Each structure stands twice: as structure tokens, then as C-alpha cells.
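All remarks here apply to the structure that follows.
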Amino acid sequence: MIINEKPRLIVITGPTAVGKTSVSVALAKHLSTSIISADSRQFYREMRIGTVTPKPEEMENVPHYFIGNLSIKKDYNASRFEEEALNLLEELFKKNSNVILTGGSGLYINALCHGIDDLPDPDDTLREELKRLLREEGIAALRKKLKMLDPVYYEEVDLANPKRLMRALEVCLTTGKPYSSLRQHRHKERDFTILKIGLYREREILNERINYRVDQMMEEGFLKEAKKLIRYRNLNALNTVGYKELFCYLDGDITLEQAVTDIKTHTRRYAKRQMTWFLKDQEIHWVEAKNLSYIFSLCK
RNA sequence: GGCGUCGUAGCUCAGAUGGUAGAGCAGAGGACUGAAAAUCCUUGUGUCACUGGUUCGAUUCCAGUCGAUGCCA
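The numbering used here puts the first sequence at residues 2 to 301.
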């Protein structure tokens, strides 16, 4: 009998509010292992209620990593996550042959599972400059510049999306090479195997869960949390569903009631975007979220 | 009760000197390798309240009916 000696990363993913936390905790207890979070907003320790960060009692003594490990003042990205999570995994695999990765940030999951190309981190001053160019001269100026620096990428980018244009320009300008020549989408080899499980629920049920959860967040003091953080609203971390709408309320632009219904609809749309991303991933085994025993059997 | 205004897409509303209508939001679909809970793209046929009249033709004009709303009594 051949034994696969490679350790295994079990990825539990799915749209927001589908119930990833409880499934992963149950699975972690079952396999007596720990959980790495792949949630680009639960990293931030100042944002708890608005990101539905699992509470200690929900974690049930299962070790969790990458939760509340960052301050909102720190910039972060998928590449750093790849590096840090990879280092952590190496440690965790010494004690366990299975480790669970759970979260809904598709880009971050990809970065850890298959790697992300080696490209320079964004430079603050350069990014500011590009933002200013966009503000003052419009998106056409970004396009024009990109067409000169990287005509290949120019042909394939979404020319209406300023963030794509700015990132490409950043890379071109800091490396002196065209972005397209560095962007290779190379699959990095990993010394562990990967089992991806996608949790799903009928859309109607998911929407109900989203609505219920938003109401609960409000009861738990989300507004108070938002008030505390409004002075940091220009930080990327706060460019997040929930906080944005409450900031509008605090500005006096909309009623609280309106803010709450906006949060619900924007969360629904977020869940939809997540699904269009995940549905493309052929590696994911889709499982009904409440079917815990089937999930256990998949992870044997 | 009298006078006026309004009744158009799930919601808020625009519009045609008469040739069967269009925006925003919601909804649906999609893209996306260092900001990703971000960012971006595509997508609008609905008895134009109802019933008659005028007209080649009415959702648009006229009359009545019903409903909403305002002012006066």
C-alpha cells in the first residue's frame, strides 16, 4: 500500500454567510488540527463586528491564525499572505498532517494554493502619483501611458478599470519592464496536497442568512465600532461593505434604516461576486453547507 | 362636497406639439495575479390606472370611473 506522505491543506470556502466558520471549527476538532483564515478583512484587529470575526467561544479552543493579526494602518496584500501563510504552514505540518484554510477571499486562497507571480510591491509615492494622474487627467491618461509602456497588456486589460491600469503602470515603472512580460500565472509547486471544499446554500436561504446576520451585527454594536473607526475611513481596510454605509449614515447623508438595508444588499452582491469567482475554480468540490458528515467523509 | 395635481418597469421618477417609451436603484449575468468585503463590464416589453370618445392611428387630446394627494369648505 502506497502512503501519500505529503501533508494536506483542506480549503473550506464559499460565499459570505454560508457558514464556513462553524464547519471549519467542527472539522478542525474532528481532525484535531488548526485553522488559517483567508479573509482579507478579518486580518484587521480593529474590525471585529463588521467582519463577523469569530468570537473565542465560537473558536472552541481550536487554534486560529491570521485573525486580528494586523492593524488597519498596515497595508497588506495577497503576495505577503502567500509568504507568511506558507511559513506558518510549514510549522503546522510538523504537528499535523492536515491543516484547514478557511475564508472567502479567492485571490488570497489562490495565492497560497498556487502562488502569485514575483512582482514588486506597490510603492506608496508612485501609487499616489498615479492616483493624482487619474484624478486630474482622467482614465485616458492612464491608458495612454500604458499603451506606451506595455502595448501587449494594453490589448487585454479592462481599459475601464482604473485599478488594473494603475497596477500595471506601477510594475512597468518600478521594474522598467512591461507588466505583461512579468505576469506569467505560473503554478508554483507546493509540497502539500490540496483539497478544496466549497460550501453552498440556495440563494434565497443565503440571502436570509445575510439579512439576519446584518441585524445581529447591529445589535452587537456595529455602529459603535464604525464610529470609532470613521477617522480612518480613507484607509483601504475601511473600504469595506458595512463600514462604508454606516459612514454615510454618520455623515448624515442617509438614515440608519437605509444604511442597514444598503449593507444587506451590498453584502448580497458581494456574495454573488464571490460565487462567480469560485464557480470558475474546477478544483472545488461543492457540498451543501449543512452536510457535515459528507464533509468529514471527504476529508478522510 | 368643491377646485387642483398625480396614476408610466419590482421601487423612485423622466418623456412624447398624437405614430405603442427611457434613466437611476434593485434584480440577473460576467471579468479580475500585490487595494480583492476592492475595482470594473454587460443587461430594461412594461395591459404607459380603467371605460368610452375624437382620429388613419391615443399611453399622449377630450369625457367619465376608480385610486392617491394637496388646498378650500
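Glycine included, each C-beta is placed from N, C-alpha and C at the ideal position. These numbers come from a predicted model, not from an experiment.
Can you name, in chain order, every residue of its own chain whose Cβ lies under 7 Å from the Cβ of Leu134, other than the five neighbours on each side? Ala142 and Leu143
Contact check, Tyr66 vs Ser38 under 8 Å by CB: the rounded distance? 7 Å
Taking just the CA atoms, how far does Ala272 sit from Pro1? Residue 1 lies beyond the residue range present for the chain, which begins at 2 and ends at 301; the question has no answer from this structure.
Reducing DSSP to helix, strand and coil, say where Glu289 ends up. strand
Evaluate contact between the stretch 208–223 and the stretch 38–51, counting only Cβ atoms and requiring at least three cross-stretch pairs below 8 Å. yes
Looking only at DSSP bridge pairs, what is Tyr66 linked to? Ile37
Please report the distance separating the alpha-carbon of Leu90 from that of Glu138. 45 Å
According to the neighbour-count rule (16 or more other Cβ atoms, all chains shown, within 10 Å of its Cβ), is Val153 buried or exposed? exposed
Buried versus exposed, by CB contacts within 10 Å (16 or more), Arg202: buried
Using 10 angstroms around the beta-carbon of Asn99, count the other beta-carbons present and answer buried if the total reaches 16, otherwise exposed. buried
Would you mind sorting Thr256 into buried or exposed? The rule is 16 or more other CB atoms within 10 Å of its CB. exposed
Reference Leu196, options Lys30, Val288 and Asn62, closest by Cα: Val288
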